[in-house]
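Okay, so here's the structure we're looking at.
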Amino acid sequence: RADVQPATPVGRHSCRTLGCIPMPMLPAEFIHFLYKAKLATYAGQSDDASVVPALLDSKQLEYRDGEFFYRDIYVGMLRFVGQEIVYLSNQAVWSMCYAGGLINYNDPNLAKPIYRFLRQALLNVSPELPLRGPKTFKDCDMLYNCSCQGSLQAFNGIETIAQKSTLLYELHFSGGYLA
């Protein structure tokens, strides 16, 4: 994706100008693990990848490979909030929070085709920056757009789905490495 580079600092500031301690880099396998986890959970299996949730009235999706463990917990359906966390050797090392959903949440009949299309878009996530879906994805008359600023270290973005220029869905996300 042209608008996001994996090693780019966020905005105009670096750790040097902000006075923070630089974050240690995660192992090279991290990006590949995150990519596989995204494809193996909601994008690839929807809620079929669910396990018994730790939080009441939530959905919880999990994926494990070696020392890496991915957990995605969200609440809601038509409008929702959630958090993805990646653990390495049982220590949380990366997270992404997200919130959004259908624009017209008074019509639950819209949910199935929109979320089916969303999962198709998410299956096309970039292996170089596996946050959400591709920059654009189109199928029939639906259009998915995702714009993101930052890197895996610290990022924020928005994804939308429109049909014939009518906005149907919007989601905001942010996150990065944990210290």
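My numbering puts the first residue of the sequence shown at 30, with every later residue one more than the last. For every residue, glycine included, the Cβ atom is placed at its ideal position computed from N, Cα and C.
Residue i to residue j, Cα distance in whole Å?
| i | j | result |
| --- | --- | --- |
| residue 123 | residue 208 | 9 Å |
| residue 148 | residue 140 | 12 Å |
| residue 118 | residue 170 | 44 Å |
| residue 142 | residue 192 | 11 Å |
| residue 146 | residue 168 | 8 Å |
| residue 137 | residue 183 | 34 Å |
| residue 133 | residue 197 | 7 Å |
| residue 166 | residue 173 | 5 Å |
| residue 121 | residue 72 | 22 Å |
| residue 102 | residue 194 | 31 Å |
| residue 95 | residue 57 | 14 Å |
| residue 189 | residue 206 | 25 Å |
| residue 92 | residue 66 | 6 Å |
| residue 156 | residue 186 | 17 Å |
| residue 88 | residue 107 | 13 Å |
| residue 175 | residue 90 | 22 Å |
Would you give the residue range spanned by the beta strand (DSSP E) that residue i belongs to?
| i | result |
| --- | --- |
| residue 65 | First-last for residue 65: 58-69, but that is the alpha helix (DSSP H), not the beta strand (DSSP E). |
| residue 55 | Run containing residue 55: none; DSSP gives neither H nor E here. |
| residue 131 | 120-131 |
| residue 200 | 195-206 |
| residue 101 | 97-105 |
| residue 116 | 108-117 |
Using CA atoms only, rank isn't needed, just tell me which of the options is closest to residue i.
| i | options | result |
| --- | --- | --- |
| residue 115 | 126, 87, 164 and 105 | 126 |
| residue 150 | 164, 87, 158 and 61 | 164 |
| residue 203 | 166, 113, 190 and 130 | 113 |
| residue 110 | 97, 128 and 101 | 128 |
| residue 69 | 152, 175, 162 and 179 | 152 |
| residue 154 | 104, 56 and 60 | 60 |
| residue 100 | 81, 186 and 107 | 81 |
| residue 105 | 131, 186, 94 and 179 | 131 |
| residue 55 | 90, 66 and 97 | 97 |
| residue 62 | 144, 85 and 159 | 159 |
First and last residue of the alpha helix (DSSP H) that includes residue i?
| i | result |
| --- | --- |
| residue 144 | 140-151 |
Fill in: Every unbroken beta strand (DSSP E) inside the region 158-186 [3 residues or more]
165-168 and 171-180
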